[in-house]
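J.:
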Amino acid sequence: MTQPPKHLELTKVDIDFPTPNGPFKALQDINLTINKGEFVSLIGHSGCGKSTVLNIVAGLYQATSGGCLLDGKEVNAPGPERAVVFQNHSLLPWLSAYENVELAVKQVFGRSKSKAEMREWIEHNLALVHMDHAMDKRPDEISGGMKQRVGIARALAMEPTVMLMDEPFGALDALTRAHLQDSLMEIQKDLNNTVIMITHDVDEAVLLSDRIVMMTNGPAATVGEILNIDLPRPRNRIALADDPKYNHYRHEVLTFLYEKQRTPDSIPKKKEAKLKVAQDMQ
Amino acid sequence: MSNILATMGLSRFIENPKANFSQLGKSLLIPLIGLLIFLFIWEIGAKSVHTSLGTFPGPAAVYQQSITLIEEHKAERAKEVKFHERQELRNAKKLEKNPDATVKVRPYTGKPTFFDQILTSLITVLAGFIIASLIAIPAGILIGLNGTLYSAFNPLIQLFKPVSPLAWLPLVTMVVSAVYVSKDPMFAKSFITSLITVSLCSLWPTLLNTAVGVSSISKDLQNVSQVLRLNWLTHIIKIVLPSAIPMMFTGLRLSLGIAWMVLIAAEMLAQNPGLGKFVWDEFQNGSSNSLGRIMVAVLIIGLIGFLLDRCMLFLQRKMSWDKTVILR
Ligand SMILES: Nc1ncnc2c1ncn2[C@@H]1O[C@H](COP(=O)(O)OP(=O)(O)O)[C@@H](O)[C@H]1O
Ligand SMILES: [Mg+2]
Numbered sequence: 000m001t002q003p004p005k006h007l008e009l010t011k012v013d014i015d016f017p018t019p020n021g022p023f024k025a026l027q028d029i030n031l032t033i034n035k036g037e038f039v040s041l042i043g044h045s046g047c048g049k050s051t052v053l054n055i056v057a058g059l060y061q062a063t064s065g066g067c068l069l070d071g072k073e074v075n076a077p078g079p080e081r082a083v084v085f086q087n088h089s090l091l092p093w094l095s096a097y098e099n100v101e102l103a104v105k106q107v108f109g110r111s112k113s114k115a116e117m118r119e120w121i122e123h124n125l126a127l128v129h130m131d132h133a134m135d136k137r138p139d140e141i142s143g144g145m146k147q148r149v150g151i152a153r154a155l156a157m158e159p160t161v162m163l164m165d166e167p168f169g170a171l172d173a174l175t176r177a178h179l180q181d182s183l184m185e186i187q188k189d190l191n192n193t194v195i196m197i198t199h200d201v202d203e204a205v206l207l208s209d210r211i212v213m214m215t216n217g218p219a220a221t222v223g224e225i226l227n228i229d230l231p232r233p234r235n236r237i238a239l240a241d242d243p244k245y246n247h248y249r250h251e252v253l254t255f256l257y258e259k260q261r262t263p264d265s266i267p268k269k270k271e272a273k274l275k276v277a278q279d280m281q
Numbered sequence: 000m001s002n003i004l005a006t007m008g009l010s011r012f013i014e015n016p017k018a019n020f021s022q023l024g025k026s027l028l029i030p031l032i033g034l035l036i037f038l039f040i041w042e043i044g045a046k047s048v049h050t051s052l053g054t055f056p057g058p059a060a061v062y063q064q065s066i067t068l069i070e071e072h073k074a075e076r077a078k079e080v081k082f083h084e085r086q087e088l089r090n091a092k093k094l095e096k097n098p099d100a101t102v103k104v105r106p107y108t109g110k111p112t113f114f115d116q117i118l119t120s121l122i123t124v125l126a127g128f129i130i131a132s133l134i135a136i137p138a139g140i141l142i143g144l145n146g147t148l149y150s151a152f153n154p155l156i157q158l159f160k161p162v163s164p165l166a167w168l169p170l171v172t173m174v175v176s177a178v179y180v181s182k183d184p185m186f187a188k189s190f191i192t193s194l195i196t197v198s199l200c201s202l203w204p205t206l207l208n209t210a211v212g213v214s215s216i217s218k219d220l221q222n223v224s225q226v227l228r229l230n231w232l233t234h235i236i237k238i239v240l241p242s243a244i245p246m247m248f249t250g251l252r253l254s255l256g257i258a259w260m261v262l263i264a265a266e267m268l269a270q271n272p273g274l275g276k277f278v279w280d281e282f283q284n285g286s287s288n289s290l291g292r293i294m295v296a297v298l299i300i301g302l303i304g305f306l307l308d309r310c311m312l313f314l315q316r317k318m319s320w321d322k323t324v325i326l327r
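So the protein lines, in turn, are chains A and R. Letter 205 of the first sequence, counting from 1, is numbered 204 in numbering that gives the first Met the number 0, and no numbers are missing. Letter 141 of the second sequence, counting from 1, is numbered 140 in numbering that gives the first Met the number 0, and no numbers are missing.
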């Protein structure tokens with residue numbers, strides 16, 4: 000009768016941020032279960048609370064109530080088993096690509112791997128993201144896409160149980176983004192990591208994910224709908240472009256985002272309406 | 000003809016005169032013209048200023064005085080050499096007569112020359128600056144790391160930062176003469192007084208900039224540190240210090256500039272050996288050459304200040320990872 004232990008589980012997560020005007024409820028009643036090796040995307044309008052969810056899983060924020068369990072253990076502090084790929088790469092600007100990955104590898108494998116093994120492991124991970132040719136370059140000497148690759152290599156090199164990615168390709172041009180998406184799919188196929196990725200790109204979400212978690216608008220945002228993406232892997236973006244199933248999924252997400260969840264643009268209009276009412280009353 | 004030009008490195012200038020002329024002009028000609036205009040105005044202006052010590056020295060007079068100062072220095076050194084030779088001779092004779100005699104070796108006590116004073120000032124300013132940095136950098140890191148400490152000390156720093164060295168000087172002098180008593184002092188009291196005054200005044204920019212640099216580490220890098228679970232010391236060494244280095248150097252450069260200005264003032268006022276005392280002595284002397292000699296000192300003070308700043312800039316370029324900041 001006992002259920003198999005769940006891999007990653009968010010239960011009734013609420014979070015209040017203290018603000019000068021009292022607490023601000025950013026998230027309310029987030030419930031989400033993620034299986035091992037699953038690729039899950041979080042999608043939602045800007046400012047709805049996607050990063051906050053990710054930060055709670057990362058342990059960088061603490062839920063006000065409810066909690067997050069990873070393999071049965073409560074998450075209450077950040078740790079390398081939940082590696083984060085930050086939106087703006089967050090590489091240390093004074094270290095080379097190699098040294099940036101090295102810092103992480105030393106921290107995780109400093110005791111278990113020899114120096115030679117660590118070196119090999121760092122180089123292996125940089126090679127995975129095709130950055131082995133520019134290992135000794137500093138972040139300011141490489142392009143945005145390359146920096147993001149190094150950020151991914153750093154996360155992968157920690158051998159995380161869960162990889163958390165906050166709009167990892169958001170700041171990149173379309174071509175570079177497509178390249179990195181393909182690399183990510185390949186890597187994930189080989190390593191079978193659990194991945195939670197935030198995105199605001201519908202195509203990216205459908206192409207990469209096993210499931211898409213669509214969030215409602217804030218404040219007090221929560222999980223709106225969850226869409227299972229039942230497309231065979233490996234996925235090819237060109238072949239999928241004409242695939243009716245793929246287009247159906249895209250349509251579903253677009254409908255959620257642009258019809259069910261109104262854009263924040265509508266909020267000022269409401270305010271205007273209120274103002275008018277107020278004026279009429281005077 | 001073209002051979003000569005080539006050897007002079009001007010052949011490229013001949014080949015493409017227009018493009019290269021503008022470059023040559025920017026890098027060399029325009030500063031040169033500026034200098035010439037300055038010298039011209041100086042010469043004209045100086046002639047029309049009559050002081051109780053004669054007309055104000057123009058460039059030519061100042062050049063003359065600088066030569067004199069070099070001559071005086073050489074003469075003084077020659078005298079010193081002779082003094083030691085005589086002393087050795089005397090002692091040797093004494094020992095010849097009586098091998099058990101105790102010989103005295105006295106140091107030469109001639110008047111310090113202009114160049115001795117430059118050296119004294121340089122040593123004092125560097126010592127003061129180093130002491131100030133050794134205090135300010137660790138203190139800045141502590142204050143920057145800890146918000147409570149920052150709020151506690153920030154008002155004090157803001158209060159002490161604008162205090163002029165002239166205000167500190169009497170206090171420091173009195174305290175040093177009361178506290179620093181020793182029969183065989185390693186350093187002269189005047190040196191200690193200058194040192195402390197310089198340190199007290201040049202402490203603040205480094206302290207403040209280091210604190211700001213440390214406290215304004217990007218949230219992203221702090222998150223990286225947390226996700227990696229870096230321990231406190233690694234966090235400081237790998238994340239905090241490197242990211243604060245550009246600000247730290249900004250502070251150090253400001254501090255060194257202040258240290259140099261403060262030192263000259265302190266030497267003048269407290270009669271402590273150094274360039275400031277040289278200026279003051281010449282002023283008190285009131286010979287017809289005094290103004291020219293003071294003017295030489297003024298130019299040297301400026302030049303040294305400039306070179307000190309260049310040295311810091313060089314260090315900053317070597318040590319700072321942030322090559323994007325415009326360094327000038
Ligand atoms: N540390 C914080 N303090 C106060 N408010 C915050 C904080 N972090 C996020 N918020 C608020 O929570 C909401 C969700 O933010 P975020 O998770 O960054 O949105 P998203 O990543 O979906 O764009 C926003 O309204 C934001 O202003
Ligand atoms: Mg976000």
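Beta carbons are placed, not taken as given, at the ideal position from N, Cα and C, and that holds for glycine.
(1) Could you give the DSSP three-state label for I29 (chain R): helix, strand or coil?
(2) Is it a yes or a no for the region 277 to 286 of chain R touching the region 94 to 103 of chain R, going by three-plus beta-carbon pairs under 8 Å?
(3) As a quick exercise: from A:H6, A:R110, A:M157 and A:R234, pick the residue whose alpha carbon is nearest that of L183 (chain A).
(4) Verify the CB distance criterion: does Q225 (chain R) have a CB-CB separation below 8 Å to chain A?
(5) Counting only C-beta atoms, is W231 (chain R) closer than 8 Å to chain A at any point?
(6) According to DSSP, simplified to helix, strand and coil, what is L31 (chain A)?
(7) Does DSSP put L226 (chain A) in a helix, a strand or coil?
(8) Does the distance from the CB of I228 (chain A) to the CB of I211 (chain A) come in under 8 Å?
(9) Assuming the contact rule is C-beta atoms closer than 8 Å, A265 (chain R) and P106 (chain R) should be a hit. Round their C-beta distance to whole Å, please.
(10) For the region 136 to 157 of chain R, enumerate the residues whose C-beta is nearer than 9 Å to any C-beta of chain A, in chain order.
(11) Classify A57 (chain A) as helix, strand or coil using the three-state DSSP reduction.
(12) Restricting to Cα atoms, I'd like to know which of R:L306, R:M294 and R:I299 is closest to W41 (chain R).
(13) Taking a cut of 7 Å between CB atoms, which residues from the region 73 to 105 of chain A lie near chain R?
(14) Counting C-beta neighbours from all protein chains within 10 Å, is the total for F168 (chain A) 16 or more, i.e. buried, or is it exposed?
(15) With a threshold of 7 Å, establish whether the CB of C67 (chain A) neighbours any heavy atom of ligand 1.
(16) Can you confirm whether the region 283 to 297 of chain R touches the region 186 to 195 of chain R when touching is taken to mean that 3 or more C-beta pairs between the two stretches lie within less than 8 Å?
(17) To the nearest angstrom, report how far apart P58 (chain R) and S47 (chain R) are at their CA atoms.
(18) Going along chain A, which residues have a C-beta under 9 Å from K237 (chain R)?
(19) How many angstroms separate the CA atom of V61 (chain R) from the CA atom of L290 (chain R)?
(20) Measure from the C-beta of L59 (chain A) to each C-beta in chain R and report whether the shortest distance is under 8 Å.
(21) Just the residues with CB closer than 5 Å to a heavy atom of ligand 1, in chain order, which are they?
(22) Please report the straight-line C-alpha distance between L91 (chain A) and L127 (chain A), rounded to a whole angstrom.
(23) Residues of chain A with CB closer than 9 Å to the CB of P241 (chain R), please, in chain order.
(24) Do you know how far the Cα of G44 (chain R) is from the Cα of S221 (chain R)?
(25) Between E166 (chain A) and ligand 2, is there a pair consisting of the residue's CB and a ligand heavy atom that are separated by less than 7 Å?
T.: Per the coordinate set shown:
(1) helix
(2) no
(3) Comparing Cα-Cα distances from L183 (chain A) to each of A:H6, A:R110, A:M157 and A:R234, the minimum goes to A:R234.
(4) yes
(5) no
(6) strand
(7) strand
(8) yes
(9) Rounded, the Cβ-Cβ distance is 26 Å, inconsistent with contact.
(10) Legend: CB atoms of the region 136 to 157 of chain R lying less than 9 Å from CB atoms of chain A are not found in any residue.
(11) helix
(12) Ranking R:L306, R:M294 and R:I299 by CA distance to the CA of W41 (chain R) puts R:M294 first.
(13) P77, G78, P79, A82, V83, F85, N87, S89, L91, P92, W93, L102 and A103
(14) The residue in question, F168 (chain A), is buried, as its Cβ has 16 or more Cβ neighbours within 10 Å.
(15) For C67 (chain A), the shortest C-beta to heavy atom distance toward ligand 1 is 7 Å or greater.
(16) Touching, no, given that fewer than three Cβ pairs across the two stretches are closer than 8 Å.
(17) 14 Å
(18) L91, L94 and L102
(19) 9 Å
(20) yes
(21) A:F16, A:A25, A:S45, A:G46, A:C47, A:G48, A:K49, A:S50 and A:T51
(22) 20 Å
(23) L91, P92, W93 and L94
(24) This sequence places Gln at residue 221 (chain R); Ser is not what is there. Rounded to whole angstroms, the gap between the alpha carbons of Q221 (chain R) and G44 (chain R) is 60 Å.
(25) yes
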